[in-house]
Each structure stands twice: as C-alpha cells, then as structure tokens.
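Peer 1: Residue numbers (our numbering): 22 to 320. For every residue, glycine included, the Cβ atom is placed at its ideal position computed from N, Cα and C.
(1) Distance check for residue 253 and residue 285, CA to CA, integer angstroms please.
(2) Measuring alpha carbon to alpha carbon, tell me which residue in 94, 310, 295, 314 is nearest residue 304.
(3) Residues bridged to residue 193 by DSSP?
(4) When the Cβ atoms of the stretch 89-100 are set against those of the stretch 25-42, are three or more pairs found closer than 8 Å?
(5) Excluding the 5 residues flanking residue 81 on each side, which residues of the same chain have their C-beta closer than 8 Å to its C-beta?
(6) According to DSSP, which residues form a beta bridge with residue 69?
(7) Give the DSSP-derived three-state secondary structure of residue 29 in the structure shown.
(8) Once the 5 residues before and after residue 316 are set aside, which same chain residues still bring their CB inside 7 Å of it?
(9) Residues bridged to residue 185 by DSSP?
(10) Would you kindly work out how many angstroms separate the C-alpha atoms of residue 30 and residue 176, rounded to a whole number?
(11) Locate the beta strand (DSSP E) running through residue 40, then write down its first and last residues.
(12) Once the 5 residues before and after residue 167 are set aside, which same chain residues still bring their CB inside 7 Å of it?
(13) Can you look up residue 103 in the DSSP assignment and give me helix, strand or coil?
(14) Could you name the residues that DSSP lists as bridge partners for residue 148?
(15) Can you give me the Cβ contacts of residue 131 inside the same chain, cut-off strictly under 6 Å, excluding the 5 residues immediately before and after it?
(16) State the Cα-Cα distance for the pair residue 162 and residue 197, rounded to the nearest angstrom.
(17) Can the beta-carbon of residue 183 be found closer than 7 Å to that of residue 159?
(18) Taking the alpha-carbon positions, what's the residue 66 to residue 91 distance?
(19) Pick helix, strand or coil for residue 116, following the three-state DSSP scheme.
(20) Looking at residue 240 and residue 260, is the spacing between their C-beta atoms short of 7 Å?
(21) Taking C-beta to C-beta, are residue 109 and residue 85 nearer than 7 Å?
(22) Opposite residue 296 in the DSSP bridges: which residues?
(23) Secondary structure at residue 142, three-state DSSP: helix, strand or coil?
(24) Could you compute how far the alpha carbon of residue 273 sits from the alpha carbon of residue 213?
(25) Going by DSSP, what residue range makes up the beta strand (DSSP E) through residue 321?
(26) Could you have a look at residue 35 and say whether DSSP puts it in helix, strand or coil?
(27) Quick check on the burial criterion: 16 or more other C-beta atoms within 10 angstroms. Buried or exposed for residue 144?
(28) Kindly list the residues whose CB is nearer than 8 Å to the CB of residue 207, restricted to its own chain and excluding five residues on each side of it in sequence; keep chain order.
(29) Given residue 191, which residues of its chain have a CB within under 8 Å of its CB, disregarding the five upstream and five downstream residues?
(30) What's the gap between the Cα of residue 266 and the Cα of residue 222?
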C-alpha cells in the first residue's frame, strides 16, 4: 500500500507532501520510460512526462515528483518532495531491495576465522580469507577475491570480479635482478562504500590501504598499495590510482591516471583522460596531460 511507502519517508526524515489515496495498492516500481501499470515511478521535472522520450505519461498513476510540481488529481498517488530521486530510491531500497538474511552462496569459500556481519550477501565462487572482517548489510558479488587482512565497514557493496588484498607492484632493483617486496599491510574500507566490478585494490606495504566512508569506485579501477582516499570521493570507471597517492574528501576523479606519491586535495575534480603528475591543491579542477588547472574565462 501507499501508506507503507510514506512510512519509509517518515522513518528516514525525508520531507514530503502527499496527494491521493493512501490505501491504493502499488505493484513494484518502474521507470517513466518503460512504465508498468500500477507501479511507482519518479521524475525530476514534471514537464518530462509529456516529452517524446516518455510514451507512458498519460498512464502513470503513482509518482514521486519535485516539490514544485503541482498537485495533480490525475494521479492515484503523488509524493512531492525536495529530492524525488533520493525519496524514490529510499523507498525502493527499503520495500523491494532488502537483502535476505545470510544470503551466502554455498559455492562461496569463507575461511575459518573470517568475521561476517548480519544480513550479508555473498555470491558464488567468492573467496574470503580468515583475516577478513565484513560489517553488517554488505553485498559481496560473485567471483570476488579477498585475501589477507581486510576490514570492510557496514552497508558496503563489492561487485563481482573485484580483487582485494593482493600485493602491490613493488620491487627492489639491483644490477642483475628485481626482487619483489612482500606486503604486510592490509585494506581498511569504511562504511557505505561501493567498489565496482573487476576493480583491483592492493594491500598496503606496511600500513593499510585506506578507503574512507561513502567512497564510490566504479568498475575496472586500479587502486595501488598504500593509497588513502578520504570520505565521499567518487572514482569513475577505469581510473588508475598509483601507489601511495593521497586523495582528499569530496573529490571527483574521472577516468584518469594519478602518478604515485602524489597528493590530491579536497573538493578537486580531475577531468577525463587526465594524467596527474604533480600535487593538486584544494578546490581545483584539472584537465589534460599533464593535468593543469582549468581556467574559466569571462565573456
């Protein structure tokens, strides 16, 4: 019922105004572009309902809209809220997206000694070492490899194919040989972190590689040993973060390469295709190879 959806918003302190019938039965969710009858959908700009891309505008009956959208009696249920996307996905996650308790595949390999929290899902053919600690409400995909000392906070996602905890690329170079440097550190991952499919995150050489709270890493990224990424930073698909890089909070790292032992400040944007070879101060946007500050010209 719609009433259940509204309760989710109330419990999460999401402001809203409701127009319609709280007793109306809602049947799942869908997008406005492929709307399914009697389902919940959302839209940021109400004018999009009548655009060429939206073929189902006249049939939508249950919708989350922005607060500035007019209350419309054509809807059986209309939820108006300052951030419709946030409200919609909060409802979807709580009503339809809850992980089943202990949804651990029998094909997963979890070594004795590993600590697994409550309400954790682990996919098939995933390996988790005896030194791993995984917090509550985490989702670990299939074919994930976690070796060595790894600590993952609560409400994290590690998508399929990710490799966490292998030694990094470090050698002692002598005239006639290269000797691999054994790594003794681990990986510390905060809360609400997302790690995309087929990412590689290396363990630290002595200290841990650190991924802060709410960091979001897209697919196919390489995070080398001793990297430290501060909270709420986003790393786009295919980025390469070399060893011992420090990245501040609230950054946006596009598909770029950051050279080893460099520092990136907070509130920094690194543009697509950039190669960062020197330190970057706070509040900068850099682009290019080598990456340089982007200059905005008036007029």
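Peer 2: Based on what the coordinates show:
(1) Those two C-alpha atoms are separated by around 14 Å.
(2) Residue 314 is the option with its Cα nearest to residue 304.
(3) Looking at the DSSP output, residue 193 sits in a beta bridge with 200.
(4) Taking 8 Å as the limit for Cβ pairs, the verdict is that the stretch 25-42 does touch the stretch 89-100.
(5) Listed in chain order, the non-local C-beta contacts of residue 81 below 8 Å within the same chain comprise 53, 56, 62, 70, 96, local neighbours out to five positions each way being set aside.
(6) In the DSSP secondary-structure assignment, residue 69 is not bridged to any residue.
(7) Per DSSP, reduced to three states, the secondary structure at residue 29 is helical.
(8) So no residue of the chain qualifies.
(9) Partner residues in the beta bridge of residue 185, as assigned by DSSP, are 167, 222.
(10) Between residue 30 and residue 176, the C-alpha separation is close to 19 Å.
(11) The continuous beta strand (DSSP E) containing residue 40 extends over residues 38-41.
(12) These residues qualify, in order along the chain: 148, 149, 150, 153, 185, 186.
(13) Reduced to three states, the DSSP call for residue 103 is coil.
(14) DSSP output for residue 148 lists 130, 166 as bridge partner(s).
(15) Sequence-distant Cβ neighbours of residue 131 in its own chain, meaning closer than 6 Å and more than five residues away, are 149.
(16) Between residue 162 and residue 197, the C-alpha separation is close to 43 Å.
(17) Going by C-beta atoms, residue 183 is not nearer than 7 Å to residue 159.
(18) Answer to the nearest angstrom: the Cα atoms are 11 Å apart.
(19) The answer is helix: DSSP assigns residue 116 an H, G or I state.
(20) No. Outside cutoff.
(21) Contact flag set, yes.
(22) According to the DSSP secondary-structure assignment, residue 296 is paired through a beta bridge with 278.
(23) Three-state result, residue 142: strand.
(24) Using only the alpha carbons, I get a separation of about 17 Å.
(25) Past the edges of the chain, shown from 22 to 320, lies residue 321, and the structure says nothing about it.
(26) Here residue 35 sits in coil by DSSP.
(27) Under a 10 Å Cβ-count criterion, residue 144 is classified as buried, with 16 or more other Cβ atoms of the shown protein chains found around its own Cβ.
(28) Answer for residue 207: 152, 169, 170, 171, 172, 186, 224, 225, 229, 230, listed in chain order.
(29) Residues 201, 202, 204, 226, 246, 264 of the same chain have their beta carbon placed closer than 8 Å to that of residue 191, with the five preceding and five following residues left out of the count.
(30) So the two alpha carbons sit approximately 13 Å from each other.
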